[in-house]
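Structure (structure tokens):
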């Protein structure tokens, strides 16, 4: 026999899973199934392959080459972050002179990329008037740092990597945006700026994310750097949406 | 008991197995190759190349004298303050009963009837992290549970942790924006499920001192209003806690993440001197009622590798070395966050299960009050069946405490730990009880029936916290 709980006030106060129904000491069937469904969404976000054709089609004439890391498959991707940071040979990137390279990377949530990445590009590029932007690269089995090698091959002074973040049970579709000045192999995390939790309507919206990114990017160009020092003096980041 | 200037004696270890000969460059290499498979050691490039090489290494390791570990450091004494702490604080007198044993002989002794709780307690200061890590590499899950069960480490502040037949919980009411109402809701939910007897511990979304102080006051205020025997902690950097201690904030426990090498601790921005200072400052407040343990540490296999500070040592041995750091500051609680760090360090439920039980045993053998965050991230090959299995085995092993969050879903840190209900269930399954002081309080407010069960009701003083 499952007893119903009287704790509506608690549930209204937080997105945390408070006031769950019990069966004896354990969780009720309904709660167990709700938790299993949330976990399944997060698992599928990690393991579903990105629909590359759909992303390229949505990018239209802004689309550049599709590249891969040196990772063979998802199992290796999860265990070898070092290989996910290195570009596979025969990538087809040609060197030019660009202010910015934008990389759309699958990361740990193909769903986040499919749902949000092109919309962020749409919102961002009009805010960068006069910039020379390289064709947008789509990167598979990719970690954030793969963008460094991609941008270096393209000859770009800065790289923006839009990547699927590690999915939570309540957030399987969260997109992160990482900005790196003078990208090259060996850059470390403290040399980047990050805007995370882009996932409207629960998280940051496209225009809000684009506004913060554009402000950071203009400041990065002015000061010729990204990372901890830029964060200290640059645009104030809005708190992650609760 | 100081042993300065200890020589770094190195020698090659060799054996033949199945017609192949295997050789291991030094103790560090031997320990790494003898470690049961885990992704972090493969990533670091230190793992055995084959299953046969692993067993060959275990076979050689079984014959290494325990005393050899006092002569060959895995991280050079001159370069690393954790090695110096381990060597300089080694208690030769406590070590005497097992001094003549090999690693394999020590495993047999640990399993023997002679090695009872009193013998193991007396032995702890005589053991080094590398000795216990080596021995655990020769153990199966059943051994890790059986030896841990008779090893007891009891600590106290306002509650007593680690007593036989008890399993305590950290109540972890995290919120992505440190919202007071949201945190209070999770705190209330946990208390109503009988959680929080180890600590009410919040991971703050920001390290801003004013926010951390507000969270400390929130929980301390609830404690006083409920007249409940709980201790609180906001898991911020030790330097922030030191600043708040100077301001007179209600700090029960000093928190810090620590690792098994000086370089990895530098990555955390912490030194042993800072820990000494914070330990002393918190001790002076005398906020305890039944004990005076005022530190809380978190560790996890893979943390030194992720900081690129592993010195070619396997992640389990480094984890045991982190407990030597903890041991120096009389902790109330030490928590190995076993599945949190991700599949590049522990790939799946099998690796997480073993690592959790290894950490628990190694910590307790060294005299450290171990708890475990039984958890996984969504990109690990693990699910709630795996956390159930680890919780049950830890319960059987006499684990001091585990982490609990509403529904097992931490909405701030984005990973899955245990739910309050998971612990209620395992307490009933294994006949375990909360910490005695907290158990008495639960009874006094009607949250514990005669069968030791937590009924579903809302006592008025707890309801009032939400007002």
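Protein chains in written order, with our numbering: chain A, 1 to 242; chain B, 1 to 467. All residues carry an ideal CB built from backbone N, CA and C; glycine is no exception. Fair warning: this is a prediction, and the values are worked out from it, not measured in the lab.
Next on the checklist: Quick check on this structure: which residue in B:376, B:427, B:382 and B:392 has the alpha carbon closest to the alpha carbon of residue 417 of chain B?
Outcome noted: Nearest to residue 417 of chain B by alpha-carbon distance, out of B:376, B:427, B:382 and B:392, is B:376.
Next on the checklist: Would residue 190 of chain A pass as an interface residue toward chain B - the criterion being a Cβ-Cβ separation below 8 Å?
Outcome noted: By this cut-off, residue 190 of chain A is not an interface position.
Checklist entry - Identify the residues that DSSP records as bridge partners of residue 65 of chain B: which are they? => result The partner list for residue 65 of chain B (beta bridge, DSSP) reads B:102.
Checklist entry - Taking all protein chains shown into account, do 16 or more other C-beta atoms lie within 10 angstroms of the C-beta of residue 224 of chain A, making it buried, or fewer, making it exposed? => result The residue is exposed, with fewer than 16 neighbouring Cβ atoms inside 10 Å.
Item to check | Contacting positions in the region 314 to 347 of chain B - beta carbon closer than 7 Å to chain A | outcome: From the region 314 to 347 of chain B, only 343, 344 and 347 have a Cβ closer than 7 Å to chain A.
Checklist entry - Using a C-beta to C-beta distance shorter than 8 Å, which residues of chain A count as neighbours of residue 470 of chain B? => result Past the edges of chain B, shown from 1 to 467, lies residue 470 of chain B, and the structure says nothing about it.
Next on the checklist: I'd like to know whether the C-beta of residue 33 of chain A is nearer than 8 Å to at least one C-beta of chain B.
Outcome noted: Cβ-Cβ to chain B under 8 Å: no for residue 33 of chain A.
Item to check | Proximal chain B residues relative to residue 46 of chain A, where beta-carbon distance stays under 8 Å | outcome: At a C-beta separation below 8 Å, residue 46 of chain A has these neighbours in chain B: 378 and 379.
Next on the checklist: Residues in the same chain with beta-carbon distance under 8 Å from residue 100 of chain A, minus the five sequence neighbours each way, listed in chain order, please.
Outcome noted: Excluding residues within five positions, the ones whose Cβ falls inside 8 Å are 128, 131, 132, 133, 134, 156, 157, 158, 159, 160 and 217.
Item to check | 8 Å Cβ cutoff met for residue 154 of chain A and residue 214 of chain A | outcome: Remark: C-beta atoms of residue 154 of chain A and residue 214 of chain A do not approach each other more closely than 8 Å.
Item to check | Inter-residue spacing [alpha-carbon to alpha-carbon] between residue 83 of chain B and residue 77 of chain B | outcome: Spanning the two alpha carbons is a distance of roughly 5 Å.
Item to check | Per-residue burial, residue 441 of chain B [other beta carbons within 10 Å of its own, 16 or more giving buried] | outcome: Counting C-beta atoms within 10 angstroms of its own C-beta, residue 441 of chain B has 16 or more neighbours from the protein chains shown and is therefore classed as buried.
Checklist entry - Can residue 142 of chain A and residue 414 of chain B be called in contact, C-beta distance under 8 Å? => result Not closer than 8 Å, so no.
Next on the checklist: Does residue 356 of chain B come out as helix, strand or coil in the three-state DSSP assignment?
Outcome noted: The answer is helix: DSSP assigns residue 356 of chain B an H, G or I state.
Item to check | Contact under 8 Å by Cβ, residue 49 of chain A with residue 185 of chain B | outcome: Contact: no.
Checklist entry - Hey, residue 305 of chain B and residue 44 of chain B are a contact pair by Cβ (cut 8 Å); roughly how many whole angstroms apart? => result Yes, they are in contact, since the Cβ atoms of residue 305 of chain B and residue 44 of chain B sit about 5 Å apart, within 8 Å.
Checklist entry - In three-state terms, what does DSSP make of residue 6 of chain B? => result Since pLDDT at residue 6 of chain B reaches only 38, below the 50 mark, its modelled position is unreliable, and the value read off the structure follows with that caveat. Three-state result, residue 6 of chain B: coil.
Checklist entry - Are the beta-carbon atoms of residue 176 of chain A and residue 196 of chain A separated by less than 8 Å? => result For the 8 Å CB-CB criterion, residue 176 of chain A and residue 196 of chain A form a contact.
Item to check | Buried or exposed by the 16-neighbour rule on C-beta atoms within 10 Å, applied to residue 96 of chain A | outcome: The residue in question, residue 96 of chain A, is exposed, as its Cβ has fewer than 16 Cβ neighbours within 10 Å.
Checklist entry - Is residue 168 of chain A close to chain B, meaning its C-beta is less than 8 Å from at least one C-beta of that chain? => result It does; some Cβ of chain B falls within 8 Å.
Checklist entry - I think residue 160 of chain B touches residue 291 of chain B, with their Cβ atoms under 8 Å apart; what is that distance to the nearest whole Å? => result With a Cβ gap of about 7 Å, residue 160 of chain B and residue 291 of chain B count as contacting.
Next on the checklist: If we define contact as Cβ-Cβ less than 8 Å, is residue 414 of chain B a contact residue for chain A?
Outcome noted: Closer than 8 Å: yes.
Item to check | Burial state of residue 286 of chain B, where buried means 16 or more other Cβ atoms lie within 10 Å | outcome: Classification of residue 286 of chain B: exposed, given that the 10 Å Cβ count is below 16.
Item to check | Three-state secondary structure assigned by DSSP to residue 128 of chain B | outcome: In the structure shown, residue 128 of chain B adopts coil according to DSSP, grouped into three states.
Item to check | Range covered by the beta strand (DSSP E) that runs through residue 157 of chain A | outcome: Start and end: 156 to 164.
Next on the checklist: Cβ closer than 9 Å: which chain B residues qualify as neighbours of residue 171 of chain A?
Outcome noted: Correct list: 411 and 414.
Checklist entry - At a cut of 8 Å, does the region 30 to 46 of chain B reach the region 333 to 347 of chain B through at least three beta carbon pairs? => result Result yes; three or more Cβ-Cβ pairs closer than 8 Å.
Item to check | Exposed unless 16 or more other CB atoms sit within 10 angstroms - verdict on residue 247 of chain B | outcome: Burial call: exposed.
Next on the checklist: For the beta strand (DSSP E) containing residue 335 of chain B, name the first residue and the last one.
Outcome noted: For residue 335 of chain B, the uninterrupted beta strand (DSSP E) segment begins and ends at 333 to 336.
Next on the checklist: When you compare the CB of residue 1 of chain B with every CB in chain A, is at least one pair closer than 8 Å?
Outcome noted: With a pLDDT of only 33 at residue 1 of chain B, under 50, the local geometry of the prediction cannot be trusted, and the value read off the model is given with reservation. Not one chain A Cβ lies under 8 Å of residue 1 of chain B.
Checklist entry - Are there 16 or more other CB atoms within 10 angstroms of the CB of residue 224 of chain B, so buried, or fewer, so exposed? => result The residue is exposed, with fewer than 16 neighbouring Cβ atoms inside 10 Å.
Item to check | Min CB distance residue 237 of chain B to chain A below 8 Å | outcome: Contacts with chain A at 8 Å (Cβ-Cβ) do not include residue 237 of chain B.
Checklist entry - Closest to residue 388 of chain B by CA distance: which of B:203, B:191, B:398 and B:419 is it? => result Checking every option, the nearest Cα to that of residue 388 of chain B belongs to B:419.
Checklist entry - Should residue 278 of chain B go down as buried or exposed, given a rule of 16 or more other Cβ atoms within 10 Å for buried? => result Sixteen is the threshold: when 16 or more other Cβ atoms of the shown chains lie within 10 Å of the Cβ of residue 278 of chain B, as they do, the residue is buried.
Checklist entry - From residue 113 of chain A to residue 264 of chain B, what does the alpha carbon distance come to, in whole angstroms? => result Distance between the alpha carbons of residue 113 of chain A and residue 264 of chain B: 34 Å.
Next on the checklist: Is residue 18 of chain A close to chain B? Criterion is C-beta to C-beta, closer than 8 Å.
Outcome noted: Yes - at least one Cβ of chain B is within 8 Å of the one on residue 18 of chain A.
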